[in-house]
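In what follows, a structure is listed as structure tokens, so that the remarks can point back to it.
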Amino acid sequence: RGPGIQDPGPWSLELKEAFALFQIQFNRSYTSAAEQAHRLLIFAHNLAQAQRLQEEDLGTAEFGVTMFSDLTEEEFGQLYGHQMVAGAVPNVSREVVSEAGGES
Amino acid sequence: LPLTCDWRKVHGVILPVRNQGNCRCCWAMAAVGNIEALWGIRNHKSVELSVQELLDCDRCNNGCNGGFVWDAFMTVLNNSGLASEKDYPFQGTKEPQECLAKKYQKVAWIQDFFMLPANEDRIAQHLATHGPITVTINKKLLMQYKNGVIKSTHAQCNPEIVDHSVLLVGFGRSEKEEEEGKQESRPRPRRSIPYWILKNSWGESWGERGYFRLHRGSNTCGLTKYPVSARVGLPTKKTRVSCP
């Protein structure tokens, strides 16, 4: 969360070091210098986002660098979780009987 | 309703955290975790069940391309049970493989599945007296999550857009001051934060050793939208258990 995040470039040494640490920690390597630069840009964006979440969180959560820090939100959404279920309500009734009854 | 509940404390109920990798199979892993836990509670027997069978034999045949918890339970019912993880191991391949359900012996089965009311007290009550259940949440905040209790507004995490299924394994309360600002010399008023404990499927290196916590009582990230569980054993009064 060092300086340089608000201003997208030139990247600060601190940010580059954080990204290098991330690559080591999560065993990340990229196929080209362009890809490396692209992922650094996303990493910086995600750090800024984590900082924002940290400020807005009403609980005790800590946000920061994770295994997903080099992914865009769209990539994260496509790679993990499942399809959206909004509008696809299953044909299952909610259990409304009392616990003592034991029958639905 | 007990103040706290954590099914991880019972040996053989909550099995090790899985890692879905690049396979979008959270729905199958959550469903399998639910059956494993209920089987462990009811039968006092730890069984690691096959996620791959659910992926290969799902009626939608989507494999790693997403699915729903209720489809997983339908598959278990249609196949009259589930094979073990040992016999039918997780591959994580993008395309579904041939369904080999008939090839392997079933080691666990379910009677039914159902959805609980969208009420956090009822969900807690069921969790404490019957066992872990699956929930489907908005995973947006999990991307940057490291530890602690997430408490957000609905604007930050829309409870209507749910896209990630996980297993609810317990609940409790934390003292906010205990988790932050320990080094502060001036004492501050304590704020007790009720939370849910959830088991994710992104490996043990993510979050709190594969788990995370959400605020309890504010439908954080849509937790109450689809609380679904299998039913293991017949629905009798004797099926109530007690969460540690």
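Protein chains in written order, with our numbering: chain A, 2 to 105; chain B, -15 to 228.
The beta-carbon is built from N, C-alpha and C at its ideal position, and this holds for glycine as well.
Everything numeric in this text was worked out from a predicted model, so none of it was measured.
Given a threshold of 16 other Cβ atoms within 10 Å of its Cβ, counted over all protein chains shown, does residue 79 of chain A qualify as buried or as exposed? As a position in the first sequence, residue 79 of chain A is number 78, starting the count at 1. That one is exposed.
Classify residue 134 of chain B as buried or exposed, calling it buried when 16 or more other Cβ atoms lie within 10 Å of its own Cβ. By 1-based counting over the second sequence, the position of residue 134 of chain B is 150. Burial call: buried.
Please list, in chain order, the chain B residues whose beta carbon lies closer than 7 angstroms to that of residue 58 of chain A. Counted from its first residue, the first sequence places residue 58 of chain A at position 57. Those within 7 angstroms of residue 58 of chain A in chain B are 134, 135, 136.
With distances taken from CA atoms, which of B:93, B:-6, B:42 is nearest residue 67 of chain B? Translated into the one-based positions of the second sequence, residue 67 of chain B becomes position 83. When only C-alpha atoms are compared, the closest one is B:93.
Are any of the Cβ atoms in chain B nearer than 8 angstroms to that of residue 6 of chain A? Within the first sequence, residue 6 of chain A is the residue found at index 5, counting from 1. Low confidence applies here, because residue 6 of chain A scores a pLDDT of 42, under 50, leaving its location unreliable and the question unanswered by this model.
DSSP three-state assignment for residue 58 of chain A, whether helix, strand or coil: Residue numbering aside, residue 58 of chain A sits at position 57 when the first sequence is read from its first letter. Here residue 58 of chain A sits in coil by DSSP.
Considering only C-alpha positions, which residue in the set B:203, B:224, B:-2, B:136 is nearest to residue 31 of chain B? Residue mapping note: residue 31 of chain B aligns to position 47 of the second sequence, counting from 1. For the residues B:203, B:224, B:-2, B:136, the minimum Cα distance to residue 31 of chain B belongs to B:-2.
So, for residue 66 of chain A: in the same chain, excluding its five sequence neighbours on each side, which residues have a beta-carbon less than 6 angstroms away from its beta-carbon? Position 65 of the first sequence, counted from the start, is the residue given in the question as residue 66 of chain A. Only 23 meet the Cβ criterion.
May I ask you to list the residues that DSSP assigns as paired with residue 178 of chain B? Residue mapping note: residue 178 of chain B aligns to position 194 of the second sequence, counting from 1. The partner list for residue 178 of chain B (beta bridge, DSSP) reads B:157.
Mapping DSSP to helix, strand and coil, what is residue 45 of chain B? Taking the second sequence and counting its residues from 1, the one referred to as residue 45 of chain B is at position 61. Correct three-state label for residue 45 of chain B: coil.
C-beta neighbour in chain A for residue 8 of chain B, strict 8 angstroms: Indexing the second sequence from 1 puts residue 8 of chain B at position 24. Judged by the 8 angstroms Cβ criterion, residue 8 of chain B is in contact with chain A.
Would residue 61 of chain A pass as an interface residue toward chain B - the criterion being a Cβ-Cβ separation below 8 angstroms? Within the first sequence, numbered from 1, the residue matching residue 61 of chain A stands at position 60. Chain B, which has a Cβ nearer than 8 angstroms to the Cβ of residue 61 of chain A, makes this yes.
Does the separation of the CB atoms of residue 154 of chain B and residue -9 of chain B fall below 8 angstroms? Looking up residue 154 of chain B in the second sequence gives position 170. Looking up residue -9 of chain B in the second sequence gives position 7. Yes, they are a contact pair.
Over what stretch of residues does the beta strand (DSSP E) that includes residue 107 of chain B continue unbroken? Working through the second sequence from its first residue, we reach residue 107 of chain B at position 123. Unbroken run through residue 107 of chain B is the alpha helix (DSSP H), 104 to 113; no beta strand (DSSP E).
Please report how far the alpha carbon of residue 63 of chain A lies from the alpha carbon of residue 62 of chain B, in whole angstroms. For this step, residue 63 of chain A is matched to residue 62 along the first sequence. For this step, residue 62 of chain B is matched to residue 78 along the second sequence. Straight-line measurement puts the Cα of residue 62 of chain B at about 43 angstroms from the Cα of residue 63 of chain A.
Buried or exposed for residue 166 of chain B, going by 16 or more other Cβ atoms inside 10 Å? In the second sequence, the residue the question calls residue 166 of chain B occupies position 182. Residue placement at residue 166 of chain B cannot be trusted, given a pLDDT of 49 that sits under 50; what the coordinates show is reported in the next sentence. Around the C-beta of residue 166 of chain B, fewer than 16 other C-beta atoms lie within 10 Å, and the residue is accordingly described as exposed.
With DSSP collapsed to three states, give me the class of residue 134 of chain B. Taking the second sequence and counting its residues from 1, one reaches residue 134 of chain B at position 150. Strand, per DSSP.
Spell out a yes or no on whether the region 95 to 105 of chain B and the region 31 to 40 of chain A are touching, meaning 3 or more CB-CB pairs, one atom from each, closer than 8 angstroms. Three or more beta-carbon pairs separated by less than 8 angstroms are not found between the region 95 to 105 of chain B and the region 31 to 40 of chain A, which leaves the two stretches without contact.
Closer than 8 angstroms, CB to CB, is residue 74 of chain A near chain B or not? The residue given as residue 74 of chain A occupies position 73 in the first sequence. With its beta carbon less than 8 angstroms from one in chain B, residue 74 of chain A belongs to the interface.
Are residue 182 of chain B and residue 150 of chain B touching if we call contact CB-CB under 8 angstroms? Translated into positions along the second sequence, residue 182 of chain B becomes position 198. Translated into positions along the second sequence, residue 150 of chain B becomes position 166. It is a contact, given that the beta carbons lie within the stated cut-off.
Along the region 112 to 132 of chain B, what residues have a CB closer than 8 angstroms to any CB found in chain A? If the cut-off is 8 angstroms between Cβ atoms, the region 112 to 132 of chain B has 113, 120, 123, 124, 125, 127, 128, 129, 130, 131, 132 near chain A.
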